[in-house]
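Under the numbering used here, the residues of the sequence shown are numbered -7 to 178, in order.
Let me begin by presenting the structure, written as structure tokens, before commenting on it.
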Amino acid sequence: MKLLVIWVIRMSKISNLYAMSLFDVCLDDGKVDEVFSDFELVLKVFKENEDYIKLLNSYAIEKIEKEKLIDEAFKENINEYTLNFLKLLSTKNIMNTFYDCEKTFRKKYYEYKGIENVNVITAIKISEESKEKLKQKLEKITGKKVVINLSVDEGILGGMIIRFANSIVDASVKSKLEDIKKHIFS
């Protein structure tokens, strides 16, 4: 178990280092927006084809074959920097760190662009109109452009929980009921 924890920590550090290095190179060369868009495309492909990452991470496949597979899948659709980054991860047999690399790159990109990443949990799916109104209010509050990540958790019963920067706004029915319970029984 201890070795597994050490390995996970090591892979996390490696993915952060690789992603931050790629970001810095892209920033210097004016390719940040392009590579960010590429990462979104690659992420979508990997999520739709989960076995593809396993294939590219396999020790059973020669490095040259992995590079060919990456070229066939992406060469016409992504920047050279992104393509070479994928090849690097694959030939080092650490393609499974791509998701962490993507998160780190996205975080750096949002910081660079002044974008606030906001996670919103609701009890039911909200409409696009409600999402847009919430986005506008949050942009007013934060003074930044906002990207909202919505998720549904019926366990909050109603209302919403908003997480951004170092803040949590818990306006869920569940938390209100828990507050009432504390006051009644204390």
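Glycine included, C-beta positions come from ideal geometry on N, C-alpha and C.
What you are looking at is a predicted structure, and each value in this text was computed from that prediction instead of being measured.
Kindly indicate which three-state DSSP category K117 falls into: helix, strand or coil? coil
If you run the structure through DSSP and keep just helix, strand and coil, what is N71? coil
Endpoints, the alpha helix (DSSP H) within which N179 is located: Residue 179 lies beyond the range of the chain shown here (-7 to 178); nothing can be said about it.
Segment limits, beta strand (DSSP E) that includes D162: S159 to S164
Classify Y54 as helix, strand or coil using the three-state DSSP reduction. It is Glu, not Tyr, that sits at residue 54 in the sequence shown. DSSP places E54 in coil when its eight states are reduced to three.
From I45 to E170, what does the alpha carbon distance come to, in whole angstroms? 43 Å
When the distance is taken between beta carbons, is V110 closer than 8 Å to N141? yes
Are there three or more Cβ pairs, one per stretch, closer than 8 Å when the stretch 118 to 135 is compared with the stretch 86 to 98? no
Since M12 contacts T83 with CB under 8 Å, what's their CB separation in whole angstroms? With 8 Å as the limit, M12 and T83 do not qualify as a contact, their Cβ atoms being about 20 Å apart.
I need the DSSP call for K23, collapsed to helix, strand or coil. coil
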